[in-house]
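With the sequence shown counted from 1, adding 946 to any position gets you my numbering. Backbone N, C-alpha and C fix where the C-beta goes; we use that ideal spot for every residue, glycine too. Keep in mind that this is a model prediction, so the values were computed, not measured.
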Amino acid sequence: MDAAATPADRVLAYVLTNFELIAEGEHALATVLAEVVPGDTVAEQTRAMHAQLLEPLVETLRLLGVPAVPETAEMINAIVFTGSRLIESGTDLHTVWESARGLLEPFVRASEQTTP
């Protein structure tokens, strides 16, 4: 995400990187761990990890001047979640990425153009 040239590119990189991790099986490991570790422990660790993973996205959205940063970050994360489920269900990474990019790119490019 840090290597991306612009804040808009960073948002898109955030989504693509998450999809690539899912395609590589990273989420499968987390799912297995959730099955063997006590529920309360997993829930707390999941919340902490979620907040930590969202922080770069939140900061980038602030740079873009998005008015409702936490809500927008959660909506983008919902796209990541849905895309992840599609990948895990067998949909091709490229197909999922192109769909997500088609939704997000106009928004982040427009936000970038209105940033002072």
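By the Cβ neighbour-count rule, arginine 1008 is exposed, with fewer than 16 other Cβ atoms within 10 Å of its own. By the CB criterion at 7 Å, valine 1054 and valine 961 fall outside the cutoff.
Counting only residues of its own chain and dropping the five nearest sequence neighbours on each side, serine 1030 has a CB closer than 8 Å to the CB of Asn964, Phe965, Ile968 and His973.
Threonine 952 and histidine 1040 have their C-alpha atoms roughly 22 Å apart. If you look at threonine 1037, you'll find it isn't in any alpha helix (DSSP H); DSSP assigns it neither H nor E. Sixteen is the threshold: when 16 or more other Cβ atoms of the shown chains lie within 10 Å of the Cβ of serine 1057, as they do, the residue is buried.
Counting along the chain, no alpha helix (DSSP H) covers alanine 1014, and no H or E run does either.
The alpha-carbon of valine 1012 is positioned some 8 Å away from that of threonine 1018. Annotation: the continuous alpha helix (DSSP H) that includes threonine 963 extends over 953-969. In the three-state DSSP reduction, alanine 997 falls in the helix class (H, G or I).
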